[in-house]
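Heads up: the sequence lines are chains A and B, in that order.
Using the working numbering, you'd call the opening residue of the first sequence number 191 and step up by one each time.
Using the working numbering, you'd call the opening residue of the second sequence number 191 and step up by one each time.
A virtual CB, placed ideally from N, CA and C, is assigned to each residue, including glycine.
None of the values given here were measured: they were computed from a predicted structure.
To keep things clear, I will list the structure first and then write my remarks on it.
2 protein chains.
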Amino acid sequence: MNKKDIIIIGAGPVGSLLSIYLAKRGHAVKVFERRADMRKENISAGRSINLALSDRGIKALEAVGIMDAIREISIPMHGRFIHQQDGSNAYQPYGNAGQYINSVSRGALNAKLMDLAEQHQVEFYFHEKCNSINWEKNDIEFEKTLSQHTELRHADLIFGSDGAFSAARLGYQLKHDRFQYQQYYINFGYKELHIPPGPNGSFQLEKNALHIWPRGNFMLIALPNIDGSFTCTLFFPFEGTPSFASLDTKEKVQEFFNNTFADIVALMPGLTDDFFNNPTSSLVTVKCYPWVVDDKFALIGDAAHAIVPFFGQGMNCGFEDCSVLEQLMEVHGDNWNTILQEFQQSRKPDSDAIADMALNNFVEMRDKVSDKKFLLQKKIESAFSKKYPDQWIPAYAQVTFSPHIRYSQALQNSLKQEAIMKEVMALPRIEEIWDQPAVEEKMLELLSNQTQ
Amino acid sequence: MNKKDIIIIGAGPVGSLLSIYLAKRGHAVKVFERRADMRKENISAGRSINLALSDRGIKALEAVGIMDAIREISIPMHGRFIHQQDGSNAYQPYGNAGQYINSVSRGALNAKLMDLAEQHQVEFYFHEKCNSINWEKNDIEFEKTLSQHTELRHADLIFGSDGAFSAARLGYQLKHDRFQYQQYYINFGYKELHIPPGPNGSFQLEKNALHIWPRGNFMLIALPNIDGSFTCTLFFPFEGTPSFASLDTKEKVQEFFNNTFADIVALMPGLTDDFFNNPTSSLVTVKCYPWVVDDKFALIGDAAHAIVPFFGQGMNCGFEDCSVLEQLMEVHGDNWNTILQEFQQSRKPDSDAIADMALNNFVEMRDKVSDKKFLLQKKIESAFSKKYPDQWIPAYAQVTFSPHIRYSQALQNSLKQEAIMKEVMALPRIEEIWDQPAVEEKMLELLSNQTQ
């Protein structure tokens with residue numbers, strides 16, 4: 191194998207995992223990160239961020255042997271715990287028994303990946319910001335943000351894994367003729383809030399669930415942390431009533447939470463401080479193409495395809511990028527032209543698909559999960575899927591628990607399922623007959639029509 | 191009135207026209223242009239570019255009293271002159287008698303606008319490239335490209351009219367949270383070619399028409415110049431067969447033109463030289479939002495909404511931006527916050543609409559105009575429109591000859607007309623009965639159903 195000098199821009203979870211894959215194949219890998227080393231300094235700044243690690247991400251972590259260590263800092267979440275405004279609750283399992291997603295701290299996961307990378311001789315450089323890339327010479331100018339000195343660094347191969355606001359991508363956009371590019375913001379932002387642990391590190395809500403307070407046009411969610419706390423995220427309109435703009439005093443925030451999230455407000459003693467100290471962040475979808483230049487540059491992870499978080503797939507998708515790249519390295523050896531070409535051609539339709547599904551899922555989470563007809567539909571699908579597991583995998587399970595199904599295929603399948611369920615839900619008196627054989631026969635018939 | 195120091199970035203047709211509108215209201219206007227003064231140096235570089243000036247643009251030029259001078263350098267084009275591959279021709283009038291579009295040289299038009307602007311004390315600065323904008327202080331850093339010195343310039347109000355690849359917009363994109371942005375390239379490029387004048391400056395093709403050689407997946411067009419020459423533009427795939435990539439020798443180009451454009455190839459003695467000397471340019475659509483910052487910055491023209499040229503509306507749309515801004519200045523006086531807000535809110539849906547219509551029109555021009563059924567449909571629409579002019583203005587005429595109809599309204603109207611014509615063209619034996627009363631009655635009935 192032809193050993194390459196590789197530079198990765200961005201030491202986030204995807205860049206760190208990618209460095210391990212590349213180093214294990216014998217390449218000399220350096221990773222440059224604009225920010226400080228998160229293992230030495232707290233850089234979360236009110237954005238601690240919990241991730242929902244699921245099977246696509248797990249598969250990529252298992253391949254480098256780090257999943258056992260990650261499991262120790264993860265909390266299984268077996269379903270959605272729905273908190274209605276009237277105080278009632280509902281629980282929706284994510285899949286079959288044994289299928290769950292994992293709440294894990296982004297920072298802790300990232301730190302473990304960097305530690306492992308260093309064990310494989312990956313070199314990390316912090317406080318180095320990518321200023322520009324010379325695409326002819328494959329030189330990168332980095333600015334050392336502590337001294338403001340700049341330094342030119344050369345690499346045979348460069349990966350831009352520097353996230354949704356990628357500096358590597360911006361340079362590419364400016365230099366590359368016919369670069370397709372779209373950044374799309376939804377009119378909602380998010381803000382992190384906090385539920386501290388109870389006495390003796392106890393969990394003050396059901397531990398093994400992802401909690402949702404769906405409120406129609408907005409929602410609050412909470413994910414468990416291993417110290418007994420929960421990280422809450424409010425997804426909320428920027429403008430209008432209510433919105434981040436309208437809740438402009440501590441009194442208004444407190445009153446709004448008292449009325450809207452009555453069952454949890456007592457568990458949030460720092461609510462109003464958090465609300466005004468933590469930043470309000472925006473939610474962007476980025477689609478672009480191409481991602482690569484010859485055998486010498488590729489965008490990967492959020493830098494290539496940033497998505498909104500409502501399917502819990504952003505990091506999983508980025509980790510799956512690494513799995514796919516690994517397979518292509520295995521097949522094509524030193525032929526980096528082919529590896530990178532096939533990488534982008536394979537991943538583009540899949541990342542487009544999960545981007546669209548993630549946007550759609552926002553409506554499901556904030557609104558539909560409290561709709562009776564939607565819940566009945568899920569119940570019918572679930573029962574049918576249990577009886578005919580080969581013919582019906584619910585869309586959520588395809589994306590979350592079925593890494594062998596490509597995102598693009600999952601999207602196609604889900605559209606077909608939706609068409610069938612639309613007919614099923616339109617059956618007269620479906621609320622009464624949903625578990626009768628006639629409904630099951632109707633679904634089998636519609637399925638068989640589709641496949642003809 | 192509160193006199194403002196205004197800087198316009200970009201001295202193209204829109205920036206130059208805008209400067210006149212602003213100067214006439216008493217503002218102190220400076221225009222900065224990256225390139226040389228086109229009145230002193232030839233900067234076309236194989237992109238002479240003819241524009242199709244039509245009623246929206248004319249209205250904006252008349253308002254500053256320059257239209258008479260422009261008419262002298264324009265050539266009316268009353269319709270499309272279609273050159274089929276089999277050597278046959280067809281002629282399609284653009285509208286009713288007296289309705290025509292105007293072939294005018296971009297350079298000549300631009301030069302006249304700059305001359306007029308200078309008569310109104312507008313100051314032009316050339317070879318000054320916008321490097322960055324300080325959005326807090328409203329300072330712009332310009333790089334003098336001849337000396338490479340940079341200079342900081344301040345303005346109360348800044349307009350970015352620097353085109354599809356706007357430097358002003360890029361700075362805005364980087365600084366503005368939640369900036370919606372999309373650049374979309376079609377898989378076709380264009381290349382300019384040339385038909386010189388005949389003996390004594392005679393025209394070698396019908397003078398008062400826009401010539402089209404529709405060839406299914408690609409097309410050639412030609413617009414007349416006042417010296418008797420024609421500027422031809424080949425719209426052609428980048429890849430595939432045939433494409434810019436496949437025609438890689440002079441012999442291949444000559445043979446391809448001999449076979450594909452047999453009726454014109456003898457008129458193009460410089461064909462193969464032009465083909466390899468002139469650049470291959472790409473075709474981009476840019477959509478973004480917002481366009482303005484408070485009372486101090488606005489994008490305008492292509493910088494705010496670049497479109498493909500297939501409806502002949504790019505410049506007309508940019509000029510209409512100026513007309514709309516003028517009306518808002520008239521209504522709101524010194525209230526620039528309101529002027530700019532209403533400007534973007536009014537123009538965004540209209541520029542989105544013409545962007546989409548321009549993309550759709552590519553298919554019509556390169557393919558449908560040689561389709562018999564399409565031609566019949568246009569004939570039916572035309573006859574109906576003549577009889578019921580208040581109830582049916584063809585879409586092309588709405589966009590081109592009806593500046594009182596907004597682009598967004600024209601798009602809505604055209605979708606409704608398409609729905610009606612789909613039903614009409616599906617009538618049995620429509621080829622035979624198209625001019626019978628039954629067809630007319632059907633159209634009246636469908637129209638009346640729509641408006642109910």
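Check, Outcome
"Proximity below 7 Å, CB of Asp381 of chain B to CB of Leu424 of chain B", "At residue 381 of chain B the sequence reads Lys, which differs from the Asp that was named. For Lys381 of chain B and Leu424 of chain B, yes; Cβs fall inside 7 Å."
"Sufficient close CB pairs (3 or more, under 8 Å) joining the stretch 621 to 636 of chain A to the stretch 567 to 576 of chain A", "yes"
"Residue from A:Glu318, A:Phe349, A:Ala354 with nearest C-alpha to Gly504 of chain A", "A:Ala354"
"3 or more residues per run - each beta strand (DSSP E) lying fully within the stretch 263 to 320 of chain B", "264 to 267, 269 to 273, 279 to 283, 291 to 295, 313 to 315"
"Contact list for Gln535 of chain B against chain A, beta-carbon separation under 9 Å", "Those do not exist, as Gln535 of chain B stays about 14 Å from chain A at its closest Cβ, beyond 9 Å."
"Every unbroken alpha helix (DSSP H) inside the stretch 446 to 499 of chain A [4 residues or more]", "461 to 467, 492 to 495"
"For Val553 of chain B, three-class secondary structure by DSSP", "helix"
"Min CB distance Ser472 of chain A to chain B below 7 Å", "yes"
"Euclidean distance between Cα positions of Tyr375 of chain B and Glu429 of chain B", "14 Å"
"6 Å Cβ shell around Pro539 of chain B - same chain, five flanking residues per side excluded", "Ser598"
"Cutoff 7 Å: Asp367 of chain A Cβ touching any chain B Cβ", "yes"
"Beta-carbon proximity check, Asp557 of chain A vs Gly406 of chain A, cutoff 7 Å", "yes"
"Inter-residue Cα distance where the pair is Leu530 of chain A and Lys193 of chain A", "16 Å"
"DSSP bridge partner residues for Pro409 of chain B (one or two, in chain order)", "Before going on, a small fix: residue 409 of chain B reads as Met here, not Pro. According to DSSP, Met409 of chain B bridges with B:Pro404, B:Phe425."
"Beta carbon proximity, Gln181 of chain A to chain B, threshold 7 Å", "The requested residue 181 of chain A is not part of the displayed model; chain A covers only 191 to 642."
"Buried versus exposed, by CB contacts within 10 Å (16 or more), Glu326 of chain B", "exposed"
"Runs of alpha helix (DSSP H) wholly within the stretch 565 to 598 of chain A (minimum 4 residues, chain order)", "585 to 591"
"CA nearest to the CA of Gly418 of chain B, picked from B:Gln370, B:Ile411, B:Leu437, B:Leu395", "B:Leu395"
"Whole-number beta carbon distance between Ala548 of chain B and Val498 of chain B, since they are thought to touch under 8 Å", "5 Å"
"Contacts of Tyr374 of chain B in chain A (Cβ-Cβ under 8 Å)", "Gln370, Gln372"
"Cβ-based neighbour list, Asn324 of chain A, same chain, cut-off 7 Å, excluding 5 preceding and 5 following", "none"
"DSSP-derived helix/strand/coil call for Phe355 of chain B", "coil"
"Beta-bridge pairing of Tyr380 of chain B - partner residues as DSSP gives them", "B:Phe425, B:Ser471"
"First and last residue of the uninterrupted alpha helix (DSSP H) at Asp511 of chain A", "504 to 522"
"6 Å CB neighbourhood of Gln282 of chain B in its chain, flanking five on each side removed", "Gly269, Arg270"
"First and last residue of the uninterrupted beta strand (DSSP E) at Ala250 of chain B", "Not the beta strand (DSSP E): Ala250 of chain B falls in the alpha helix (DSSP H), residues 245 to 252."
"Asn448 of chain A, buried or exposed, once every other Cβ within 10 Å from all chains shown has been counted against 16", "exposed"
"Residue closest to Ala345 of chain B, alpha-carbon to alpha-carbon, out of B:Ser604, B:Asp485, B:Ser592", "B:Asp485"
"Three CB pairs or more closer than 8 Å across the stretch 478 to 492 of chain B and the stretch 451 to 469 of chain B", "no"
"Simplified DSSP state of Leu364 of chain A, which is helix, strand or coil", "helix"
"Simplified DSSP state of Ala543 of chain B, which is helix, strand or coil", "helix"
"Length of the line joining the Cα atoms of Gly285 of chain A and Ala587 of chain A", "6 Å"
"Cβ-based neighbour list, Trp526 of chain B, same chain, cut-off 7 Å, excluding 5 preceding and 5 following", "Leu347, Asp485"
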